[in-house]
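Undergrad: I have a structure I would like to understand better, so I am pasting it below and will then ask my questions one at a time.
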Amino acid sequence: MDVIERSLRGLSGASRETLLDAVARTLDRYLSGTTRLVGSACQELDVELDEVLRRLGPPRSSAIGGANA
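Residue 888 in my numbering sits at position 11 of the sequence shown; the count goes up by one each step and never skips.
What follows is the structure, given as structure tokens:
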């Protein structure tokens, strides 16, 4: 995880935001689908991923919001 975080921090502003938005949308779609299949088993993963995204910086898009929103 540290390698990913360092790599993201090394990107320029616009490139970083574009990548973070794409990752957030993909994770939200994945978690939404997975949560429907297995119930609440994915809530811990959802919380952990939200924490990673929070540490990378403030959300710039409505795409970052969690699968359960």
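Even for Gly, the Cβ is constructed at its ideal location relative to N, Cα and C.
Which residue from Ser889, Asp923, Leu888, Arg886 puts its Cα closest to that of Thr903?
TA: Within the sequence shown, numbered from 1, the residue matching residue 903 stands at position 26. If we check each option's Cα against that of Thr903, Asp923 comes out closest.
Undergrad: With Ser884 as the anchor, note down where its alpha helix (DSSP H) starts and where it stops.
TA: Here residue 884 is taken as the residue at index 7 of the sequence shown, counted from 1. Residues 879-886.
Undergrad: Here's the rule: buried if 16 or more other CB atoms are within 10 angstroms of the residue's CB, otherwise exposed. What is Asp905?
TA: Taking the sequence shown and counting its residues from 1, the one referred to as residue 905 is at position 28. By the neighbour-count rule (16 or more Cβ atoms within 10 Å), Asp905 is buried.
Undergrad: Would you mind stating whether Leu933 and Leu885 have Cβ atoms separated by less than 7 Å?
TA: Start at 1 with the first residue of the sequence shown, and residue 933 comes out as number 56. Start at 1 with the first residue of the sequence shown, and residue 885 comes out as number 8. Yes, they are a contact pair.
Undergrad: Below 8 Å on the Cβ atoms is my guess for Ala891 versus Leu930; work out the distance and round it to an integer in Å.
TA: Locating residue 891 in the sequence shown gives position 14, counting from the first residue. Locating residue 930 in the sequence shown gives position 53, counting from the first residue. So it is not a contact: roughly 18 Å between Cβ atoms.
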